[in-house]
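Counting from 1, position 74 in the sequence shown corresponds to residue 88 in the working numbering; the numbering is continuous, with no gaps.
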Amino acid sequence: MSNKTIRVGIVAGETSGDILAAGLISAFRKKYPNAIFEGIAGPRMQAVGCQTLFDMEELSVMGLVEVLSRIRRLLHIRKSVLQYFTENPPDVFIGVDAPDFNLTLEMKLKQQGIKTIHYVSPTVWAWRESRVHKIARATNNVFCIFPFEPPVYDKFNIPSEFVGHTLADQIHLQVDRASAREYLNVDAERKVLAMLPGSRAGEAKMLFETFLQSAELLAKDVPDLLVLIPVVNKQRKEEIDAHLERLAPNVEVRTVFGHAQQVMIASNAVLLASGTATLEAMLCKRPMVVAYKLKGMTYQMMRFMYKQTYFALPNILAGKELVPELLQKDVNPELISSKLRTLMSTDCTELQAEFTRIHQTLRCNADDTAASSVARLLKIEGT
């Protein structure tokens, strides 16, 4: 295989997958610069040369009910991607997260003799463990980003390996808040709240108004409060700006294009939606309040299926509550602002030490580790 161009099919479904996939692509291309990557790519993947067949945003759907409302379009996209890779078979296909979309795609490609990898273990340890049987049929290997995941697959004799998390490699163990504030032109003494209502449009819509109302209440006790909201594009900024005067007229709110890590590092506390952003906030060593809100029917389904005590990644990784979690009716301005007020007036040295300990366990040179594992699966010479 070393004498031919390597073709890799790859599909990511949301921002977190885009970050992981872009790191893998960059690391793989350092070793094999002629490799071709194509599939469904976000902006980071496209920036490192991945060709995309569809807009990744179309796959970024939250919740069971929400998926059902978009099912016809999602099935059309998956059918089109399957047809493309059937007609243009890659040497390997990598599904990055998005298991409800990717596992079926992986299974059908594997049946055609194409090697497949699923990057980011589905949360079989939290709910729907029966999915392991589909995973076994769909993949040649599962790349796990958390150390407690491979033992789950060992029980079912499914090949898996812990590769770590690229964000843990990118973010320093000791972060520099002063430098982050200087970079963002924020006064060193000011109280700053980082606000991240979610990368999925539906998720952000459900949380954003409540988050702004929470900041308005918090500002009554923290008069110099500055809210920083990282945004990915002009459209998201315009959506935020349209609500500011109505929901938070007495708070200074600034939107920042990109630089989510700098925004979090610069903050005194973070208010955010549950998901990968909570991992990023933990790696940035910031105290946080984590909110999770689903539509009624989706929530009723989830509450009977979910097996974990916690839903925020810092708490799951620690095996105990490190950060406050608010779910459904508890996601309200009064309770959120109360939790934030406490965080902003409490010493967080002990919490930061816990975060640093977890950070160290996730640092495994993830991009290179994942790229090397792909090469081994392909039996490329020298691996």
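In this text, a Cβ means the ideal position worked out from N, Cα and C, and glycines have one as well.
Being a predicted model, the structure only gives us computed values, none of them experimental.
*asked:* Count Cβ pairs between the segment 358 to 370 and the segment 20 to 33 that sit closer than 8 Å; are there 3 or more?
replied: no
_Delimiting residues of the alpha helix (DSSP H) encompassing Gly31_ = Counted from its first residue, the sequence shown places residue 31 at position 17. Its alpha helix (DSSP H) spans residues Thr29 to Lys45.
_CA-to-CA distance, Thr130 to Ala152, given in whole angstroms_ = Taking the first residue of the sequence shown as 1, we reach residue 152 at position 138. Taking the first residue of the sequence shown as 1, we reach residue 130 at position 116. Cα to Cα, Ala152 sits roughly 7 Å from Thr130.
*Alpha carbon to alpha carbon, how far is Leu240 from Val265? Give it in angstroms, no decimals.*
Here residue 265 refers to the residue found at position 251 when the sequence shown is read from its first residue. Here residue 240 refers to the residue found at position 226 when the sequence shown is read from its first residue. Pairing Val265 with Leu240, the inter-Cα distance amounts to about 7 Å.
_What does the alpha-carbon distance come out to for the pair Val62 and Val95?_
By one-based count along the sequence shown, residue 62 stands at place 48. By one-based count along the sequence shown, residue 95 stands at place 81. Approximately 21 Å, taken between the alpha carbons.
_Quick check on Arg21: does DSSP put it in helix, strand or coil?_
Position 7 of the sequence shown, counted from the start, is the residue given in the question as residue 21. In the three-state DSSP reduction, Arg21 falls in the strand class (E or B).
*Between Tyr2 and Ile108, is the Cβ-Cβ spacing less than 8 Å?*
This structure cannot settle anything about residue 2, because the visible part of the chain is limited to 15 through 397.
_Just to confirm before moving on: does the CB-CB distance between Ala326 and Ser351 stay below 8 Å?_
In the sequence shown, residue 326 corresponds to position 312, counting from 1. In the sequence shown, residue 351 corresponds to position 337, counting from 1. No, the pair does not count as a contact, with Cβ atoms beyond the cut-off.
*Nearest CA to the CA of Ile159: which residue from Ser174, Asp69 and Arg145?*
For the purposes of this step, residue 159 is taken as residue 145 along the sequence shown, with counting starting at 1. When each option's Cα is compared against that of Ile159, the closest is Ser174.
*In the DSSP assignment, what are the bridge partners of Cys158?*
The count along the sequence shown starts at 1 and reaches residue 158 at position 144. DSSP output for Cys158 lists Phe176 as bridge partner(s).
*What did DSSP end up calling Val185 once you bin it into helix, strand or coil?*
Along the sequence shown, read from residue 1 onward, the residue named residue 185 stands at position 171. Looking at the sequence provided, one finds Ile at residue 185 rather than Val. Coil, per DSSP.
*Look at Ala367 and Phe42 and say whether their C-beta atoms are less than 8 Å apart.*
Walking along the sequence shown from the start, residue 367 turns up at place 353. Walking along the sequence shown from the start, residue 42 turns up at place 28. No. Outside cutoff.
*What are the start and end residues of the beta strand (DSSP E) that includes Met302?*
On the sequence shown, position 288 is the one that residue 302 refers to. It spans Met302 to Tyr306 - the beta strand (DSSP E) in which Met302 sits, taken as one unbroken run.
*So is Pro47 in contact with chain D if we call contact Cβ pairs under 8 Å?*
Of the chains in the structure shown, none is chain D; there is only one protein chain.
*Thinking C-alpha only, which one of Arg377, Ser193 and Val304 is nearest Val345?*
Taking the sequence shown and counting its residues from 1, the one referred to as residue 345 is at position 331. The residue with the shortest Cα to Cα distance from Val345 is Val304.
*Given that a residue counts as buried once 16 or more other Cβ atoms are within 10 Å of its Cβ, and exposed if not, what is Asp32?*
Here residue 32 corresponds to residue number 18 of the sequence shown, with the count starting at 1. It counts as buried.
*Can you grab the Cα-Cα spacing for the pair Gly272 / Val245, in whole Å?*
The sequence position of residue 272 within the sequence shown is 258, counting from 1. The sequence position of residue 245 within the sequence shown is 231, counting from 1. Each residue's Cα considered, the two are about 6 Å apart.
*Looking at the structure shown, is Phe325 part of a helix, part of a strand, or coil, going by DSSP?*
Stepping through the sequence shown from its first residue, residue 325 is reached at position 311. If DSSP states are grouped into helix, strand and coil, Phe325 belongs with coil.
*Based on the DSSP secondary-structure assignment, which residues constitute the bridge partners of Val345?*
The residue given as residue 345 occupies position 331 in the sequence shown. Val345 pairs with nothing; no bridge assigned.
*Proximity winner among Glu120, Glu52 and Phe162, relative to Thr375 (alpha-carbon distances)*: The residue labelled residue 375 in the question sits at position 361 within the sequence shown. Taking only the C-alpha atoms, the option nearest Thr375 is Phe162.
*Closest Cα partner of Asp105 within the set Ala140, Ile24 and Ser83*: Position 91 of the sequence shown holds residue 105. It is Ile24 whose Cα lies nearest to the Cα of Asp105.
*Kindly give me the distance between the Cβ atoms of Arg300 and Ala283, rounded to whole angstroms, as I take these residues to be in contact under 8 Å.*
Sequence index remark: in the sequence shown, residue 300 carries index 286 (1-based). Sequence index remark: in the sequence shown, residue 283 carries index 269 (1-based). Right, the Cβ-Cβ distance comes to about 7 Å (below 8 Å), so this counts as a contact.
*Below 8 Å between beta carbons: does that hold for Phe176 and Ala150?*
For the purposes of this step, residue 176 is taken as the residue at position 162 of the sequence shown. For the purposes of this step, residue 150 is taken as the residue at position 136 of the sequence shown. For Phe176 and Ala150, no; Cβs fall outside 8 Å.
*asked:* What residue range does the beta strand (DSSP E) around Thr66 cover?
replied: Mapped onto the sequence shown, residue 66 falls at position 52. From DSSP, the beta strand (DSSP E) with Thr66 extends over Gln65 to Asp69.
*Across which residues does DSSP place Phe170 in a beta bridge pair?*
Within the sequence shown, numbered from 1, the residue matching residue 170 stands at position 156. In the DSSP output, where bridge partners are listed per residue, Phe170 has none listed.
*Going by CA-CA distance only, name the one from Met296, Ile372 and Arg377 that's closest to Pro338.*
Within the sequence shown, numbered from 1, the residue matching residue 338 stands at position 324. It is Met296.
_So the candidates are Met302, Asp111, Val277 and Asn155; which of them puts its Cα closest to the Cα of Ser428?_
Look at the range of the chain in this structure, 15 to 397, and you will see that residue 428 is not part of it.
*Leaving out five residues on either side along the sequence, give the residues of the same chain with a beta carbon under 6 Å from the beta carbon of Thr290.*
Along the sequence shown, one-based indexing puts residue 290 at 276. Here Thr290 has Ser30 as same chain residues with Cβ atoms under 6 Å from its own Cβ, once five neighbours each way along the sequence are excluded.
*At what residue ranges does the segment 223 to 293 contain a whole run of the alpha helix (DSSP H), taking only runs of 4 or more?*
If we require 4 residues or more, the alpha helix (DSSP H) runs fully inside the segment 223 to 293 come out as 248 to 261 and 274 to 280.
*asked:* According to DSSP, simplified to helix, strand and coil, what is Thr383?
replied: Here residue 383 corresponds to residue number 369 of the sequence shown, with the count starting at 1. The answer is helix: DSSP assigns Thr383 an H, G or I state.
*Measure the beta-carbon distance from Leu285 to Phe225 and round it to whole angstroms, keeping in mind my assumption that it falls under 8 Å.*
To locate residue 285, count along the sequence shown from 1; it is residue 271. To locate residue 225, count along the sequence shown from 1; it is residue 211. Between Phe225 and Leu285 the Cβ distance is about 6 Å, and since that is below 8 Å, they are a contact.
_Judging by CA-CA distance, which residue of Tyr167, Ile394 and Lys248 is the nearest neighbour of Ser144?_
Start at 1 with the first residue of the sequence shown, and residue 144 comes out as number 130. Minimum Cα distance to Ser144 is reached at Tyr167.
*Nearest-angstrom Cα distance between Lys148 and Ala49?*
Your numbering for residue 148 matches position 134 in the sequence shown. Your numbering for residue 49 matches position 35 in the sequence shown. Approximately 29 Å between the Cα atoms of the pair.
*Can you give the Cα-Cα distance for Leu123 and Lys343, rounded to whole angstroms?*
Counting from one through the sequence shown, the residue named residue 123 turns up at place 109. Counting from one through the sequence shown, the residue named residue 343 turns up at place 329. One C-alpha to the other measures close to 42 Å.
*To the nearest angstrom, report how far apart Arg58 and Ser40 are at their CA atoms.*
Residue mapping note: residue 58 aligns to position 44 of the sequence shown, counting from 1. Residue mapping note: residue 40 aligns to position 26 of the sequence shown, counting from 1. Those two C-alpha atoms are separated by around 10 Å.
*DSSP state of Leu357, grouped into three classes?*
Counting from 1 along the sequence shown, the entry for residue 357 is found at position 343. Looking at Leu357 - three-state DSSP - the assignment turns out to be helix.
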